[in-house]
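Participant: Count along the sequence shown from 1, then add 59; that gives the number in this note's numbering. C-beta: ideal position from N, C-alpha, C; glycine also. Pasting a structure here, questions to come.
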Amino acid sequence: MIDPPQSNHQDPQPFTHLSTPNAPLYRQVLRAFARAKERFVVHLRPEDVAAELGRDSDDQLAQALEKLTEWGNLRADADTGKVTSVEDFHRKRFLFQLTAAGQAAEQAIAFYEEAIGRRGALQSVALGDIAEQLRSLSALTQQADPDPAKAHLLLLSLAERFASLADNAQAFMASLRRAIDFSDGDVDGFVAYKEQLIDYINRFIADLANSGARIATLLTELEAGDHERLLRLAARREAADAVPEGTDAADAYDRAEAAALGSWRNRWRGLKDWFVSQDTGRPSQARLLRQAAITAIKQLIDAVGLINERRSGRSDRSADFRTLARWFAEAPDEAATHRLWRAAFGLSSTRHLTVTAETESAWRQEDLAPNTPWRAAPPVRISPQLRRTGSYERRGKPNRVRDRSQARAFLLKRAEREAAETAEARAMLCGGPALLSELGILDPRAFRLFLALLGDALAARSPGEIEVKTVTGDGSMEVRLSLVPGGDQIEIHTEDGTLTGPEHLIEIIDLMAAS
């Protein structure tokens, strides 16, 4: 009987085929086995592999199967299933299947190829799915005895959808960064791609602001409704499949349940941190993603502007430096290069002045205006040693490092106070549809916010339109503005003055009310 090809099971080398001359053929063969395994087909004959690849079962394919068996990617077993004669029995016939090492290597290579070629996506649909699953979980918390299987499946689906959303968003922003960095490659393609990309990101920012607020509200309601009970149900269901270790199965079950519960708590914390801001110093990941997307839009516009400047022949810094480099290369002698250097950069030697405490005190006492001419200002007192030697060293111990913790705490409190005042102004304006004449008297902060929102809406309205709906640049508020036909001129009174204009119906929606 013919022995099967020897495989190196003691020391498998499943990645060796990647660095061989016939690597493309080996990859095709192993992909054929991976696809067959997805169809729950474990064993393949050489003719099955050839049919999968659409080629003849020749010596080259047989050698490839033999080498993959030698490296530990495949396992070969004698094939006696189709033996009809003594000659067939003595002929080399084998059944091949992926080994554990070969399957692990295929999974690793597939993951690598997917990560390298992945562009990512901003999944607006995933946001709606997450909100719907959270609503289903919220309904379960209202039940006295929720179904463990239903709770577990909902949590699994929620975790999978959220992981996909976060991973795809990260991959998309990374690919967008690469697209901006390499915008010089295909200029025409980049310019044509830019408009579609900006519209795509704008739609996602609006969807993220709307859905993110709903998701944050649902998360808060779930925590108030004892979401911990659902996490424990899922943990117990997962622990039921734990393999007992040793003689004490109860302890093994308790350890498995504790580990599963810890994992679910960590996932829930990640979901909450993604959509719910803790304070001004710890914004949610959704808000950071919106800011990154808005910044990317600005960078896309700047990149296109730079491309247009280069197309129109306008000079830029890189062109200036290339021209200067050519001048240096064409300089007749070394003295000319030094003169060119001084003319181009003006980096001549100088003595840096040190302003003394007495001079600063004199300036404060004079209470100088910013536009005071140098000739009318007090002189700058410098050390005679600086004038004589060109250097000044202060004797004694160096100054102690100043403790700025109080200043940072003061700035944090001020930022929180300003955020609260802005939130109060938002709440004052976000009261449903209203006529401009019905707004009443606005305080300065609410009026400034109102002017910014009104400016965004008027800028988004095309000529001839009487209605417009737009989202602010930071994706935090939505403004709906419509002209009232036949309306009179109205006045909005504030502490800073009076604003007059035609009557409009305005509705301001705070998209960040719950995030």
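Look up proline 299 in the DSSP assignment and say whether it is helix, strand or coil.
Facilitator: Translated into positions along the sequence shown, residue 299 becomes position 240. For clarity, residue 299 is alanine in the given sequence; the question names proline instead. Coil, per DSSP.
Participant: What span of residues does the alpha helix (DSSP H) with glutamate 191 cover, start to end?
Facilitator: One-based indexing of the sequence shown puts residue 191 at position 132. Glutamate 191 -> alpha helix (DSSP H) spans 183-200.
Participant: Within 10 angstroms of its Cβ, does leucine 471 collect 16 or more other Cβ (buried), or is it exposed?
Facilitator: By one-based count along the sequence shown, residue 471 stands at place 412. With fewer than 16 Cβ atoms within 10 Å of its Cβ, leucine 471 is classed as exposed.
Participant: Just how far apart, CA to CA, sit phenylalanine 509 and glutamate 254?
Facilitator: In the sequence shown, counting from the first residue as 1, residue 509 sits at position 450. In the sequence shown, counting from the first residue as 1, residue 254 sits at position 195. Going by the C-alpha atoms only, they are around 29 Å apart.
Participant: Within the stretch 77-131, note down every full alpha helix (DSSP H) run reaching 4 residues or more, in order along the chain.
Facilitator: Those alpha helix (DSSP H) runs which fall completely within the stretch 77-131 and span 4+ residues are 82-97, 105-112 and 118-130.
Participant: What's the gap between the Cα of leucine 495 and the Cα of phenylalanine 221?
Facilitator: The count along the sequence shown starts at 1 and reaches residue 495 at position 436. The count along the sequence shown starts at 1 and reaches residue 221 at position 162. C-alpha separation (whole angstroms): 42 Å.
Participant: Using the rule of at least 16 other Cβ atoms within 10 Å of the residue's Cβ for burial, across every protein chain shown, is arginine 410 buried or exposed?
Facilitator: Walking along the sequence shown from the start, residue 410 turns up at place 351. The pLDDT assigned to arginine 410 is 49, lower than 50, so where the model puts this residue is not dependable; a value taken from the coordinates is nonetheless given after this. So arginine 410 ends up on the exposed side.
Participant: Smallest Cα separation from arginine 349: which of Ala390, Leu290, Asn325 and Tyr259?
Facilitator: Within the sequence shown, the letter at position 290 stands for residue 349. Comparing Cα-Cα distances from arginine 349 to each of Ala390, Leu290, Asn325 and Tyr259, the minimum goes to Tyr259.
Participant: Are the beta-carbon atoms of leucine 213 and glutamine 192 separated by less than 9 Å?
Facilitator: In the sequence shown, the residue the question calls residue 213 occupies position 154. In the sequence shown, the residue the question calls residue 192 occupies position 133. Contact: yes.
Participant: Can you check DSSP and say which residues form a bridge with glutamate 537?
Facilitator: Locating residue 537 in the sequence shown gives position 478, counting from the first residue. DSSP, once it has assigned bridges, lists Val530 and Ile568 as partnering glutamate 537.
Participant: For serine 216, collect the residues of the same chain with a Cβ closer than 7 Å to its Cβ; drop the 5 residues on either side in sequence, then sort them by chain order.
Facilitator: Taking the sequence shown and counting its residues from 1, one reaches residue 216 at position 157. Taken in chain order, the residues that qualify are Gln192.
Participant: Going along the chain, which unbroken runs of the alpha helix (DSSP H) with 4 or more residues stay wholly within the stretch 462-493?
Facilitator: Qualifying alpha helix (DSSP H) stretches, in chain order: 464-488.
Participant: Would you kindly report the start and end of the unbroken alpha helix (DSSP H) that includes arginine 434?
Facilitator: By one-based count along the sequence shown, residue 434 stands at place 375. Careful: arginine 434 lies outside any alpha helix (DSSP H) and carries neither H nor E.
Participant: Arginine 376 lies in the alpha helix (DSSP H); which residues open and close that run?
Facilitator: For the purposes of this step, residue 376 is taken as the residue at position 317 of the sequence shown. From DSSP, the alpha helix (DSSP H) with arginine 376 extends over 376-389.
Participant: Quick check: what's the CA-CA separation for phenylalanine 170 versus alanine 198?
Facilitator: Numbered from 1 along the sequence shown, position 111 holds the residue referred to as residue 170. Numbered from 1 along the sequence shown, position 139 holds the residue referred to as residue 198. Looking at the two C-alpha atoms, the distance is approximately 37 Å.
Participant: With DSSP as the reference, please indicate the residues paired to alanine 505 in a beta bridge.
Facilitator: Numbered from 1 along the sequence shown, position 446 holds the residue referred to as residue 505. DSSP, once it has assigned bridges, lists no residue as partnering alanine 505.
Participant: Would you decide whether glutamate 554 is buried or exposed? Buried here means 16 or more other CB atoms lie within 10 Å of its CB.
Facilitator: Here residue 554 corresponds to residue number 495 of the sequence shown, with the count starting at 1. By the neighbour-count rule (16 or more Cβ atoms within 10 Å), glutamate 554 is not buried but exposed.
Participant: From leucine 518 to alanine 268, what distance separates their C-alpha atoms?
Facilitator: As a working note, residue 518 is residue 459 in the sequence shown. As a working note, residue 268 is residue 209 in the sequence shown. Strictly speaking, residue 518 in this sequence is alanine, with leucine absent from that position. Between alanine 518 and alanine 268, the C-alpha separation is close to 21 Å.
Participant: Based on the DSSP output, what are the partners of glutamate 550 in its beta bridges?
Facilitator: The residue you call residue 550 lines up with position 491 of the sequence shown. According to DSSP, glutamate 550 bridges with Thr559.
Participant: Is the beta carbon of leucine 154 less than 9 Å from the beta carbon of alanine 123?
Facilitator: Here residue 154 refers to the residue found at position 95 when the sequence shown is read from its first residue. Here residue 123 refers to the residue found at position 64 when the sequence shown is read from its first residue. No, they are not a contact pair.
Participant: Ordered along the chain, which non-local residues of its own chain (more than five positions away) have a Cβ less than 7 Å from that of glutamate 14?
Facilitator: This structure cannot settle anything about residue 14, because the visible part of the chain is limited to 60 through 574.
Participant: Tell me where the beta strand (DSSP E) around alanine 137 begins and ends.
Facilitator: Reading the sequence shown from its first residue, position 78 is the one you call residue 137. Taken as a continuous stretch (DSSP letters only), the beta strand (DSSP E) holding alanine 137 covers 133-137.
Participant: When burial is assigned at 16 or more other CB atoms within 10 Å of the CB, is proline 615 buried or exposed?
Facilitator: Absent from the model: residue 615. The displayed extent of the chain is 60 to 574, so no value can be given.
Participant: Less than 8 Å between the CB atoms is what I'm expecting for histidine 286 and threonine 200, so what's the real figure, rounded?
Facilitator: Translated into positions along the sequence shown, residue 286 becomes position 227. Translated into positions along the sequence shown, residue 200 becomes position 141. 7 Å between Cβ atoms; contact.
Participant: For the candidate residues Gln162, Arg401, Pro105 and Leu359, whose alpha-carbon lies nearest to that of proline 71?
Facilitator: Counting from one through the sequence shown, the residue named residue 71 turns up at place 12. Residue Gln162 is the option with its Cα nearest to proline 71.
Participant: Measure the CB-CB distance between threonine 531 and glutamate 524 and report whether it falls below 9 Å.
Facilitator: If you number the sequence shown from 1, residue 531 lands on position 472. If you number the sequence shown from 1, residue 524 lands on position 465. No.
Participant: Output needed for tryptophan 386: all residues of its chain with C-beta closer than 8 Å, excluding positions within five of it in sequence on either side, in chain order.
Facilitator: As a first step, residue 386 is located in the sequence shown; it is residue number 327 there, counting from the start. Closer than 8 Å at the Cβ level, and outside the excluded window around tryptophan 386, lie Leu399.
Participant: Give me, in chain order, the residues of the same chain whose beta-carbon lies closer than 7 Å to that of alanine 109; leave out the 5 immediate sequence neighbours on both sides.
Facilitator: Here residue 109 corresponds to residue number 50 of the sequence shown, with the count starting at 1. So the list reads Asp115, Ser116 and Leu120, once near-sequence residues are dropped.
Participant: For lysine 331 and alanine 484, I'd like the C-alpha separation in whole angstroms.
Facilitator: The residue given as residue 331 occupies position 272 in the sequence shown. The residue given as residue 484 occupies position 425 in the sequence shown. Whole-angstrom Cα-Cα distance: 26 Å.
Participant: Output the distance between the C-alpha atoms of glutamine 182 and asparagine 325, rounded to the nearest integer angstrom.
Facilitator: As a working mapping, residue 182 is identified with position 123 in the sequence shown. As a working mapping, residue 325 is identified with position 266 in the sequence shown. Roughly 23 Å separates the two Cα atoms.
Participant: Can you grab the Cα-Cα spacing for the pair leucine 540 / alanine 511, in whole Å?
Facilitator: As a first step, residue 540 is located in the sequence shown; it is residue number 481 there, counting from the start. As a first step, residue 511 is located in the sequence shown; it is residue number 452 there, counting from the start. Their Cα atoms are separated by approximately 13 Å.
Participant: Considering just the uninterrupted stretch of the alpha helix (DSSP H) at leucine 399, what are its terminal residues?
Facilitator: Against the sequence shown, residue 399 aligns to sequence position 340. That run of the alpha helix (DSSP H) goes 393-404.
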